[in-house]
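Asker:
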Amino acid sequence: MKKESNIEMERLAEHLRREQPHLLRYACYRLGNLDNAKDALQDTYLKLCGMLSSETSREVKDWRNYIFRALSNICTSRLSQSSRLKTIPLDARLDWADLPTESNEADYQRISCLLAEIPEEQAEVIRLRIYGNNSFADVAEILSLPLPTVKSRFLYGLDKIRKAMKQTKQ
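Just add 6 to wherever you are in the sequence shown, counting from 1, and you've got our numbering.
(1) Identify, in the order they occur along the chain, each residue of the same chain with its Cβ nearer than 7 Å to the Cβ of residue 69, setting aside the five sequence neighbours on each side.
(2) Does the region 133–150 come into contact with the region 42–54, if we say contact requires no fewer than three beta-carbon pairs (one atom in each stretch) closer than 8 Å?
(3) Residue 120: buried (16+ other C-beta within 10 angstroms of its C-beta) or exposed?
(4) Once DSSP output is grouped into helix, strand and coil, what is the label at residue 107?
(5) Check whether the region 121–135 and the region 157–169 touch, using three or more Cβ-Cβ pairs below 8 Å as the test.
(6) Among 150, 151, 117, whose alpha-carbon lies nearest the alpha-carbon of residue 136?
(7) I'd like to know whether the C-beta atoms of residue 71 and residue 140 end up nearer to each other than 9 Å.
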């Protein structure tokens, strides 16, 4: 059992190394900054290592999706614990939308405002698809949703963002 556990931990470490840029980008857009994203990724690794070392560990078929799901859960937990789900005044969104993009921080603020205006289910699908670099099938598996539901949430979310952007330009 010990040898199998070590092999699985090596697989986990390899997947984390390979997917680290996508995982960090996703967590950064969820949590707001790189330090919190790195902490969440570290917690994800520790949680999964603990799961592998336990006697009741189970075989994971798709490590990539499993890691994204665990990271998504940790990000959601951190946001709810720290009460960082903020409401954004409508006039603040208008100001940010009119500003020229000068840095990654400005881009993050603008995107966060737009994602905050749509339902969280749609925003999460968009984050996993775009920032996590996941296919629709992967997003469906990560969120335990049917593929058509994931696709429709993505499209409806983008449509709402487009409408909000058009309104700010008028």
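Ideal placement from N, C-alpha and C gives every residue a C-beta, glycine not left out.
All figures in this text were calculated on a predicted structure; none of them were measured in a lab.
Answerer: In short:
(1) If we look at residue 69 and ignore the five residues flanking it on each side, its Cβ neighbours are 17, 18, 21.
(2) no
(3) By the neighbour-count definition (other C-beta atoms within 10 Å, threshold 16), residue 120 is a buried residue.
(4) Because the pLDDT at residue 107 is just 44, under 50, the model does not fix this residue reliably, and the value given afterwards should be weighed accordingly. Note: residue 107 maps to coil in three-state DSSP.
(5) yes
(6) 117
(7) yes
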